[in-house]
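The structure appears below as C-alpha cells.
Protein chains: 2
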Amino acid sequence: MTPASAVEPALRAALPAAVFRDLESRYLEEPRGRFIARGGLLIAPENVEQVSTIVRACAEAGVPIVPYGGGTGLVGGQIGDGFEPVVVSMERMAAIRSVDPVENALVAEAGVILQNVHEAAAEADRLFPLTIAAQGSARIGGILATNAGGVNVLRYGNARDLCLGLEAVLPDGSVLRGLSPLRKDNAGYDLRHLLVGAEGTLGLITAATLKLHPRPPARAAAMFVVPSPAAALDLLNLARDRVGEGVSAFELIGRQGLEFLAEHLPQVRLPLGQPEWSVLVDLGLAGDPQAALEGLFEAAVERGLASDGVIAQSEGQRTDFWAVRESIPAANRAVGAVSSHDISVPLGKLAAFIDRAPAVLDPIGRFRINCFGHVGDGNLHWNVFPVPGRTREDHQDDRDAIKRAVHDLVHDMGGSVAAEHGVGRLKVEDLERYGDPAKLTAMRSIKAALDPKGIMNPGAVLRAG
Amino acid sequence: MTPASAVEPALRAALPAAVFRDLESRYLEEPRGRFIARGGLLIAPENVEQVSTIVRACAEAGVPIVPYGGGTGLVGGQIGDGFEPVVVSMERMAAIRSVDPVENALVAEAGVILQNVHEAAAEADRLFPLTIAAQGSARIGGILATNAGGVNVLRYGNARDLCLGLEAVLPDGSVLRGLSPLRKDNAGYDLRHLLVGAEGTLGLITAATLKLHPRPPARAAAMFVVPSPAAALDLLNLARDRVGEGVSAFELIGRQGLEFLAEHLPQVRLPLGQPEWSVLVDLGLAGDPQAALEGLFEAAVERGLASDGVIAQSEGQRTDFWAVRESIPAANRAVGAVSSHDISVPLGKLAAFIDRAPAVLDPIGRFRINCFGHVGDGNLHWNVFPVPGRTREDHQDDRDAIKRAVHDLVHDMGGSVAAEHGVGRLKVEDLERYGDPAKLTAMRSIKAALDPKGIMNPGAVLRAG
C-alpha cells in the first residue's frame, strides 16, 4: 500500500500546521502488541471539512487511512497493521454541539469521550445509557464504528440503537450530512446503520446525533446467589414478567472472577462471598424499585431460583455492587489471560454453552475459566487463564487452538464470535470461516462500490484487497 | 424492461404449477389508481428456495421483479408501474416458524399478517408492539421492507428496531441466512438494516426474526384537551418525566378529524366533544397506570397543559378511546383528501410547523386541514381536504403545487417528507430534490453493486437506471 509519505506534502500544503501531531506509539501499537503499524502520518483534524480534505487527497493518491478514536478497541481495528497509513485521530473534534432535552437528542463530535456524553445528558436531566468499562477514554466515533455494547444493552440496545443520525466522510471525500434527530425518516437506504459497525471501512464518522432517554425516576440494585446459569435466565424472565422494561442490567458473575478479585483487588468488597454463580440486577423505574427487588427475591427463593441475596440500601451500596462487576476485567488483566472470547449465543443455549465449553479445552490442556457477562443479551466474556503455577507465556502456542475450539462451539450453537467488540483485524479469518457466504459476498460488493481503492481502514473487517 | 413473458417458460419448467396464480387487478393497481402495471406474471412461492429460483432466473434474463406483501403500501412500492414484472407475492409463505418467550423472539415468514404476529406473541405472554391501521392485511415482509412505523414507535421503535434477523434472497439469487435471534452480533456489516427500508430494491425478504417485548403488567389510556400542539409536547415530556418509558403512545388529534368523524362515522363516540386539540395517552407499566394518569392530569392542569380530560375506567373504554384515533383515516377517506402528507419534523419545530403550514396553501386556494399523528415521533399526517361544497376532483390540478409547498416547508424545517410510509414510486422525485447528495450517490453505488441489472423493484426509491 502507498505509504502516507506520498500524500504528506499535499496535506501539509492544504491543512494548518497545528493538525499534524507526533505519531506516538499508542497510535502504532495496541495494548497487547498484536498489531503494529510501521509508521505513518498522524493528523488530528479540527472539523469535517479538514477530514474531507484528508480523505479526498488519500483517495486520489491511494493512501490508506486508519481512523483513531480513544484507542480502546480490543480487536486491533485502530492499528494500520504492517503499513504506513494516515492516522486520523478525532481527539480535537471533541465538542458537544448541542443537548436538547425536548428532542431527547445530543449532537456529539466523534472525539467526545463517552463519560462526557453521560455528564452532558445528566445535566439536562436525561440519560445516555451506553455504559462500558472504557467509558473514561473511549470516544463516540469509535463506539459507533464498532457498535459497542456494554451492560445496558438489555434495556436500551447497542450503540446503533442509540444513534439517530450521523455526519461522516465517505471514502471519496464527500460529506454525508445526516445529523437529523428525526425518529421517523424513511427517505432512502439507512446508511447510518451501514456505517455503524463498519469499523471505519466504509467511511469516517465525524459526528453523531445520539438518542437520550428519560432518567429512571428511581434505581436500585441487588446481588442474588443463583444455583446455575439456567436459573439466572429464569430469574431474568421472572424479573421482566414482574417489572417489564424496568430491568436495566442483569449480569452473570462466575466464582472464578470473584476469586481473582479476592486475590488481586482485595479492596473490592464481595457482599455475597464467592458463590459459584451470582447475578447483579439493576432496576430503574417509577415507583419503588427496592421493594420490587425484595418481591423479586422472595419469588425467586420460592421458585428455587435464588438462595441468598443482598439489596443495596443506598446509592453507595449500589455503586459497591457495580464495583464488583466492573473490577473483574482489571483482575483478569492482573492474572493474564491466555485467550479471551467475546461471544454470544441464543439465550436458550446459554446454559448449555457454559456447561459444554470447558470440555473443548480438554485436548489442549488444563485451564481456569472466568465466565461472566451480559446474560440477558446472551453475551459472555469467556476467558481462559493458566492454572496456578503457570503463566500465559507458557501457553502462547495453545492460543490459536483454544480460540478455534471455543469459536467452533459458539458457531455450532448458532452464536457469534464477535458479539460486542467487533471484528477489527483480530477476527477477519473468523468472519471468513463462520460468516454467511451470501453476506460476505454482499459485504465485499458494498466495500468495493463505496471504497473502490480500498483506502478506508484496509484489513479491518474484510481482508485488504 | 424485458417483460415477464421472457422468463415464464423457464420458471414454469422449474417450479410447481401451484405457485402460478391469476394476476388479479390488486397486483396491478394500487387503491388510488396512481400506479398501474401493464401486466406480468404472478408467482406465490412456497419457500425460500423457490424465491431463489425465481430471482436467479430473472437476474439471468434481466426481467424485473416486484415483491408483493399485503398490498397496503401508500406510496406505490408494490406496483410495477409501466412494465410487466414477475410479481412475487409472499401470501403462501405465511408460517410462524417459531415463538420463543425465553429468547423473546418470533420467526415469521414474510407473508404473515401483522395481526397474526400480535396474536402469536400474546399467546406466549409477550408483546409484538408494532401497531398500524392496516394490521389486518399488511404482511411482515412489506412492513420490514418499508420500515413501517405506527402508534407505538415512541416506546418501541420502528419496524427496523423490532427486527433481530432476516432471511432474504439477494438480487443475484443467493440466500442471506440471517435469522439469528442474537442481541449482540458485530460480525460484519449490518445488511439487515440495509434491507429494512430498502423497499425490495436490494433483495426480497422471505422471513424475519422479530423482537418480542414483555407485556406491560397494566395498561391505561386517557384523552386530554390541550391548549395547543406546543402544550401537547410539554405534556408528553411531563408524562415521561413522571413515568419514564411507561408512555406507550401519545397521539395528537386536531378538531378537523373529529368533525369528519362526527359527520361520516357518527357511531364513534367522542368522549371530549370536538376540542381544537386533544391527545390520546396510553401507558403500560408495573403499578397503577390509571393512578399515574390521574396524577398526570392534575399536574398538567396545574401547569396549564390540559383543561379537560377523561381517563378510561375499563379496557372497553380504552378501546373506545383508541377507536377515535384509529377511525380518523377512514373518515378521511370518506371525505376524500386532495393531498396527504406523511411528514416528520424535529420535535422542537413541530408546533411551529403546525402553525406555519396552512399559510403555504394560501396562494393555491382554500382548504381544510386534518392534522393528526404521532406527536412524540414528530410525525404528522397533514392532510388537505376541499372546503365544503367542493370535491377532491375540483383540485386535481392543485395537487402537485400543494405537495411541493408542504414538502418545501418540511425540508426547510429539517424534516422528512417520507416519515413512515416510505418512498415507493410516489416520492422518488422528492428524494432526489431533498435528499443529501452524498447519501444519494452512495445509495446508487450500493444499488448498482448489489443489483447490477436493476431487476429488484425497479423505479422504487431510486429512479430506474
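Respectively, the protein sequence lines represent chains A and B.
Just so we're aligned: 312 in full-length UniProt numbering is position 312 of the first sequence, and the numbers increase by one with no gaps anywhere.
Just so we're aligned: 69 in full-length UniProt numbering is position 69 of the second sequence, and the numbers increase by one with no gaps anywhere.
Glycine included, each C-beta is placed from N, C-alpha and C at the ideal position.
| Query | Result |
| --- | --- |
| Taking the alpha carbon of residue 78(B) as the reference point, which residue from 170(B), 462(B), 424(B) has its own alpha carbon closest? | 424(B) |
| For residue 379(A), which residues from the same chain have a beta carbon less than 7 Å from its beta carbon, with the 5 sequence-adjacent residues on both sides left out? | 149, 344, 373, 419, 420 |
| How far does the alpha helix (DSSP H) with residue 441(A) in it reach, from first residue to last? | 437-450 |
| Can you tell me which of the three DSSP states residue 315(B) falls into? | helix |
| Beta-carbon of residue 6(A) versus every beta-carbon of chain B: anything under 8 Å? | no |
| Per DSSP, what kind of secondary structure is residue 260(A) in: helix, strand or coil? | helix |
| Under 7 Å between beta-carbons, which chain A residues line up against residue 346(B)? List them in chain order, please. | 103, 181, 182 |
| Just checking: is the beta-carbon of residue 153(A) within a distance shorter than 8 Å of some beta-carbon in chain B? | yes |
| Could you tell me which chain B residues have their CB closer than 8 Å to the CB of residue 146(A), listed as they occur along the chain? | 186 |
| CB-CB under 7 Å to residue 283(A), same chain, minus the five flanking residues each way: which ones, in chain order? | 219, 220, 243, 246, 247, 248, 289, 292, 293 |
| Tell whether a beta-carbon distance below 8 Å holds between residue 171(A) and residue 446(A). | no |
| What does residue 223(B) pair with, by DSSP beta-bridge criteria? | 280(B), 310(B) |
| Using a C-beta cutoff of 8 Å, does residue 190(B) count as contacting chain A? | yes |
| For my contact list, residue 459(A) and residue 370(A) are in at a C-beta cut-off of 8 Å; report their separation, rounded to the angstrom. | 30 Å between Cβ atoms; not a contact. |
| Starting from residue 121(A) and walking both ways along the alpha helix (DSSP H), at which residues does that stretch end? | 114-123 |
| Measure the CB-CB distance between residue 223(A) and residue 258(A) and report whether it falls below 8 Å. | no |
| Between which two residues does the alpha helix (DSSP H) containing residue 498(B) stretch? | Nothing about residue 498(B) can be reported from this structure: the residues present for chain B run from 1 to 465 only. |
| Under 9 Å between beta-carbons, which chain A residues line up against residue 142(B)? List them in chain order, please. | Result: empty, since nearest Cβ-Cβ is about 13 Å, beyond 9 Å. |
| Taking all protein chains shown into account, decide if residue 433(B) is buried (16 or more other Cβ within 10 angstroms of its Cβ) or exposed. | exposed |
| Please look up how many angstroms separate the CB atoms of residue 178(B) and residue 349(A), rounded, as I've assumed it's under 8 Å. | Rounded, the Cβ-Cβ distance is 17 Å, inconsistent with contact. |
| Taking all protein chains shown into account, do 16 or more other C-beta atoms lie within 10 angstroms of the C-beta of residue 400(B), making it buried, or fewer, making it exposed? | exposed |
| Rounding to the nearest angstrom, what Cα-Cα distance links residue 163(A) and residue 451(B) in this structure? | 28 Å |
| Our contact map puts residue 261(A) next to residue 270(A) with C-beta atoms below 8 Å; I'd like the distance itself, whole angstroms only. | 7 Å |
| By alpha-carbon positions, which one of 206(A), 413(A), 368(A), 181(A) ends up nearest to residue 395(A)? | 368(A) |
| Under 7 Å Cβ-Cβ, which residues of chain A neighbour residue 422(B)? | 186 |
| Mind reading off the beta-carbon distance from residue 45(A) to residue 92(A)? Whole number of angstroms is fine, and I expect it under 8 Å. | 7 Å |
| Could you tell me which residues DSSP pairs with residue 100(B) in its beta bridges? | 105(B) |
| Cβ atoms of residue 327(A) and residue 225(A): under 8 Å apart, would you say? | no |
| Is it buried or exposed for residue 64(B), if we count other Cβ within 10 angstroms and need 16 for buried? | buried |
| Since residue 158(B) meets chain A, which of its residues come closer than 7 Å, beta carbon to beta carbon? | 184 |
| Helix, strand or coil: which one does DSSP assign to residue 142(B)? | helix |
| If contact is defined by three or more beta carbon pairs under 8 Å, each pair taking one atom from either stretch, is the stretch 191-205 of chain B in contact with the stretch 352-368 of chain A? | no |
| Can you tell me where the beta strand (DSSP E) holding residue 343(A) begins and where it ends? | 342-344 |
| In the DSSP assignment, what are the bridge partners of residue 372(A)? | 253(A), 381(A) |
| So for residue 205(A), helix, strand or coil by DSSP? | strand |
| Are the beta-carbon atoms belonging to residue 142(A) and residue 70(A) less than 8 Å from one another? | yes |
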